[in-house]
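Notes follow once the structure below has been shown.
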Amino acid sequence: MLLAQVDTQLANLSNYLIYSAMTVYTLAMFAQVFEWTFGAKGGVAVRSAQQSTLAETVAASAEAAKGVRKVTVTVAAQGGGTTTLTRTALADAGATTVTSGRGDGGPADGVGPAGTSEKADLAGRIAVSLTVLGMLLHAASVVARGLSVMRWPWGNMYEFSCAFALMMVGAYVILLATKKNVRWLGLPVTVVALLILGVAVSVLYTDSEQLVPALHSYWLGIHVSTATICGGAFFAAFVATAAYLLKDRYEHRVAAGLTVRAANLMERLPASGTLDKLSYRINAVIFPLWTFTIIAGAIWAEAAWGKYWEWDPKETWSFITWVAYAAYLHARATAGWRGRKAAYLALLAFACWLFNFYGVNIFITGKHSYAGV
Amino acid sequence: MSDTKTSPQPADAAEGPDAERPDAERLDDVERLSTAPEENDAVPAGIGVLGWLRWFWRQLTSMRVALLLLFLLSLAAIPGSLVPQEPNTFKITAWKNAHKGLAPLFEKLQLFDVYSSVWFSAIYILLFVSLAGCILPRTWQFVGVLRAQPPAAPRNLTRMPVYAAWHTDADPAAVNAAAHRLLKKRGFRAAAGSGSVAAEKGYLREVGNLLFHFALFALLAGFAWASLFSGSGTKIVLEGQGYSNTTTQLDDFTGSAFYGVDDLDAFGFKLDGFTADFQTSGPAAGTAKEFVANVRYWEGADTSKQKNAKIEVNHPLEVGGTKVFLTAHGFAPVVTVRNAKDEIVYRGPTVFLPQDSNVTSPGVIKVNDYGTGPDGRKTQLALSGMFLPTAPDDFNETGRPVSVFPAAANPRLVITAYVGDLRTDSGLPQNVYELDDKAMTQLKVNGAPASVPLQVGQGWQLPDGYGSVTFDGYQQWANFTISHRPGNAVALTGAVAAILGLIGSLFVQRRRIWVRAVTAPDGRTLVEVAGLGRSESARTAEELAEIAVELQDDAPAADEPPGPDGPADDAPAAADSPAAAVPTAPETKE
Ligand code: HEM
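Residue numbers (UniProt numbering), protein chains in the order written: chain A, 1 to 373; chain B, 1 to 590.
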């Protein structure tokens with residue numbers, strides 16, 4: 001197998017693109033800060049906004065004339081309250097509309113960063129557009145980098161960082177596109193993406209080059225792609241977990257009648273229960289993929305080094321990360337660990353993952369010497 | 001208007017055993033949606049050894065201990081990533097020299113061999129014992145669940161996490177029959193009881209969970225098999241040389257309990273050529289682009305049927321149950337040594353081992369049969385030095401000889417000579433790559449050690465009339481790891497099953513749905529539907545709502561008589577004391 005020469009023009013283009021993406025993300029971040037700040041003005045209106053939506057639902061159901069069948073399902077909520085879910089079926093049209101709303105159960109989801117301010121909402125929309133633009137530039141940079149050497153663009157830590165930052169932003173944009181109420185994720189996601197990319201371009205940067213023969217394998221495409229996706233998702237879950245811990249504390253203090261800080265921000269976040277579920281879902285979805293990543297790595301190691309498991313530091317820390325996430329899922333599924341306790345476990349597992357990526361590559365030498373730092 | 005509504009019911013139904021419930025309420029069969037064992041922490045009171053053993057077993061197979069062991073396992077794996085591990089003796093020795101005070105303690109704690117240490121093994125063996133103790137009963141229990149009907153509707157459906165009810169004028173029996181049909185159509189296992197229907201779906205979750213945990217055993221079995229029945233060795237082969245798979249030919253061999261030197265597969269190969277290609281420009285110049293070993297190999301003892309093959313990094317050669325991996329390469333300078341009488345006493349390539357990424361290679365050429373020296377006494381000669389595939393342009397003999405590129409662009413051989421006793425006949429094993437200079441003296445010129453950098457074709461007249469050395473050229477060699485590792489298929493099967501099991505376990509939702517249509521005291525039919533999911537999920541409510549809406553084809557909701565709260569007023573739930581239904585533990589579900 002002979003490899004193509006490095007196309008320096010494309011490699012340079014990739015660098016320009018990554019800087020452009022970072023600039024656009026920075027602008028998006030400013031727009032998001034703007035959104036959060038201006039949204040605060042509408043903070044007082046939050047409760048009444050909820051009431052008005054509830055009132056609308058009631059009005060709508062009152063309007064619903066005969067012939068509309070409607071079933072209200074009572075759902076027991078975390079913390080002992082209930083929520084209701086209303087389904088209506090139009091008898092003649094056969095159409096079913098779903099109105100699901102939280103009732104008098106636990107705390108309600110916040111209305112999002114923009115509050116009820118139109119100005120803030122506009123800023124938020126601009127931020128979303130900028131994030132998407134930044135993501136496109138970012139993706140183009142990764143593709144150009146790959147094309148410059150005609151291989152998968154994740155052969156060293158710099159490339160790997162760029163790729164999983166892209167995966168994280170991509171996960172956020174996909175959630176937005178599926179109309180999930182996740183605009184609040186925008187600010188932490190752009191901040192984390194900028195941090196990852198900042199470290200990547202300043203500390204981890206390596207010129208576009210061919211890989212050592214040990215990395216010439218289609219397993220690079222498989223093992224490292226899934227590792228990249230997992231990396232992005234673990235970051236996203238981390239953001240959700242951290243937000244959960246903040247919001248949960250806030251809700252408890254409110255319930256206990258204690259003084260709270262940043263109430264204005266906190267009110268606009270989703271309810272702690274929603275955040276908790278979000279972080280669990282991301283972790284649970286990604287755990288089988290992480291398992292697959294490790295197994296694919298083992299198969300590759302077998303082909304490259306003759307043994308599928310040698311307790312190389314990278315393998316060891318992947319294993320530690322895997323066991324930590326397994327413990328987290330286990331704790332939730334069987335030991336009844338919920339809420340904060342489980343969240344701390346998730347943070348611990350994430351710390352293992354983070355160390356596996358940055359720590360092991362930088363501080364420990366092993367066979368996975370692709371770091372290039 | 002046919003709107004039906006119930007007042008929200010506080011619910012305290014939980015979806016699994018919950019060790020943290022303060023009232024330690026045992027869940028009845030209806031609400032158990034997991035075959036996870038129930039926890040029982042009661043310490044036995046005075047039942048002797050047997051009681052304690054039972055208690056110990058229960059502890060070991062409890063979820064809490066399983067969790068603890070998982071933690072311990074990840075914690076215990078950490079030191080192995082920080083301290084050098086067997087079989088990397090070279091690094092271990094370096095570490096021991098650098099940390100003289102700690103080394104004996106670390107040795108005692110088996111920190112240089114963490115993954116086969118007593119304590120690491122103890123943790124994972126306990127974990128797997130716990131797993132077996134947990135998974136087998138669960139399997140039986142699950143088989144029982146599959147053979148039984150879904151549990152009949154509990155008396156009080158309003159206590160279920162999702163619930164809906166309405167009145168209809170349809171006949172209760174007809175409604176129940178319609179519900180039974182509907183649930184079956186939706187893929188539920190449904191059973192018609194007296195006046196109610198019970199249904200359950202999502203058994204794949206339990207199947208997946210059991211499969212996943214069993215697969216962990218398969219992985220372990222694969223590991224165990226590999227470590228008991230595998231062996232590997234390494235061999236350096238020069239271009240043009242052959243190799244046949246026996247221990248006498250191997251440079252080293254590590255076997256295992258059931259794989260020794262007699263078990264080596266019979267085959268052999270000849271290295272026709274080795275090519276290495278490197279990046280020649282840019283900041284990563286010198287980084288390898290490819291390594292290829294072209295070989296001809298044969299199976300069994302019959303060397304006549306030969307096949308061509310290429311061995312590359314990532315592409316081992318498979319012969320029978322053995323794989324041949326290309327793991328390193330280097331150079332062997334070819335020299336001719338003439339003794340004091342100008343007789344050729346040594347000619348040929350000698351393997352030098354690379355010590356850096358630019359293949360700066362130290363090595364020793366030992367001339368055992370030198371004969372007699374200029375003083376007429378019998379002696380031996382050794383040439384010790386460095387082979388540089390690419391010496392720097394401004395290379396001079398005083399600097400430390402370092403190669404600047406891994407391919408042979410400007411090869412030099414820098415050597416000094418020793419005479420005396422090589423001690424190869426002392427009976428002690430000797431490293432062929434190192435010089436034992438205890439009984440040798442270095443040849444000197446004007447009191448300083450004599451050293452020359454030779455280019456290909458150049459010769460060197462040894463001082464004091466010891467003869468001459470010519471650097472004729474160089475050959476490449478490749479290092480092969482020859483490895484026999486069975487059990488891979490078992491481990492791989494286990495791994496694949498684990499992933500499939502996980503997917504089932506994490507993505508399938510196990511849930512029960514009950515429908516009960518009865519004649520209410522007012523003569524009308526009360527339809528109640530309730531659902532219970534393995535984990536709190538909006539999907540259970542959605543599904544229940546869909547079923548309720550569809551069921552209205554056969555049980556259309558009747559108009560409610562004017563009243564503040566609709567039909568719930570006479571739903572059985574309302575009759576229950578509300579206080580009894582107030583949840584006791586806030587953390588019961590996700
Ligand atoms: C060997 C290490 C183990 C690993 C890596 C592991 C991993 C997991 C994972 C990832 C889950 C989550 C699946 C889900 O959320 O449904 C799970 C669930 C579970 N595990 Fe384990 N486990 C291990 C050992 C054990 C042991 C020793 C026991 C018993 C003492 C056990 C019993 C269970 C049970 C009962 C569940 C939950 C089943 C359910 O949700 O219905 N596991 N395990």
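Ideal Cβ positions, reconstructed from N, Cα and C, are used throughout, including at glycine.
These numbers were taken from a predicted model, which means no experiment stands behind them.
In terms of CA proximity to I123/B, L73/B leads the group G371/B, L73/B, E107/B, P349/B. Annotation: the continuous alpha helix (DSSP H) that includes G273/A extends over 272 to 305.
With respect to chain A, the C-beta atom of Y124/B has no partner C-beta closer than 7 angstroms. Contact between L211/B and L500/B is confirmed by a C-beta separation of about 7 angstroms, below the 8 angstroms threshold. Within chain A, A327 have C-beta atoms less than 7 angstroms from the C-beta of F71/B, given in sequence order. Scanning its chain for C-beta atoms nearer than 8 angstroms, with the 5 sequence neighbours on each side dropped, one finds around L443/B the residues T416, A417, Y418, V419, P449, A450, L462, P463, D464, Y466, in chain order. N209/B has its CB nearer than 6 angstroms to a heavy atom of the ligand HEM. Assigned with DSSP and collapsed to three states, A139/A falls in helix. Interface criterion met: the Cβ of A324/A is under 7 angstroms from a Cβ in chain B.
Residues of chain A with a Cβ closer than 7 angstroms to the Cβ of G80/B are, in chain order, W311, T316. Relative to the non-hydrogen atoms of the ligand HEM, the Cβ of T61/B comes within a distance shorter than 6 angstroms of at least one. Under DSSP, L413/B takes part in a beta bridge, and its partners are F387/B, L454/B.
With a cut-off of 8 angstroms on Cβ pairs, the stretch 335 to 349 of chain B is not in contact with the stretch 501 to 514 of chain B, counting fewer than three such pairs. Residues of the stretch 317 to 334 of chain B whose Cβ lies closer than 8 angstroms to any Cβ of chain A, in chain order: K323, F325, T327. Within the same chain, V334 come within 7 angstroms of G348/B by CB-CB distance, once the 5 residues on both sides are set aside.
Residues of chain A with a Cβ closer than 9 angstroms to the Cβ of S483/B are, in chain order, G306, K307.
Judged by DSSP in its simplified three-state form, G257/A adopts coil rather than helix or strand.
Here the C-alpha atom of R32/B lies approximately 54 angstroms from the C-alpha atom of G233/B. In this structure, DSSP gives H167/B an extended state, which the three-state scheme calls strand. According to the DSSP assignment, A333/A belongs to the alpha helix (DSSP H) that extends over 313 to 333.
Note on G297/A: 16 or more other CB atoms within 10 angstroms of its CB, so buried under the neighbour-count rule.
Straight-line measurement puts the Cα of L345/A at about 8 angstroms from the Cα of A324/A. Taking 8 angstroms as the upper bound for CB-CB distance, A236/A and I196/A are not in contact here, some 12 angstroms apart.
Two segments are said to touch when three or more pairs of C-beta atoms, one from each, lie closer than 8 angstroms; by this definition the stretch 474 to 485 of chain B touches the stretch 233 to 242 of chain B.
With a 10 Å radius around the Cβ and a threshold of 16 neighbouring Cβ atoms, L146/B comes out exposed. For a Cβ distance threshold of 9 angstroms, residue set G306, K307 of chain A lies close to S232/B, ordered along the chain.
DSSP assignment within the stretch 344 to 388 of chain B yields no whole alpha helix (DSSP H) run of 4 residues or more. The DSSP-derived three-state label of W514/B is strand.
Counting C-beta atoms within 10 angstroms of its own C-beta, E206/B has 16 or more neighbours from the protein chains shown and is therefore classed as buried.
Counting the other CB atoms within 10 Å of its CB gives S230/B a total of 16 or more, which places it among the buried residues. Taking 7 angstroms as the Cβ-Cβ cut-off, the stretch 357 to 382 of chain B has no residue approaching chain A. In the DSSP annotation of this structure, Y243/B is not part of any alpha helix (DSSP H); the continuous beta strand (DSSP E) holding it starts and ends at 242 to 244. At a cut-off of 7 angstroms between beta carbons, Y115/B contacts chain A. When the beta-carbon positions are compared, W290/A and C230/A come within less than 7 angstroms of each other. Shown here is that no member of the stretch 509 to 523 of chain B has a Cβ falling below 7 angstroms from a Cβ of chain A. Scanning chain A for C-beta atoms nearer than 7 angstroms to the C-beta of A94/B yields nothing, as the closest lies near 12 angstroms away.
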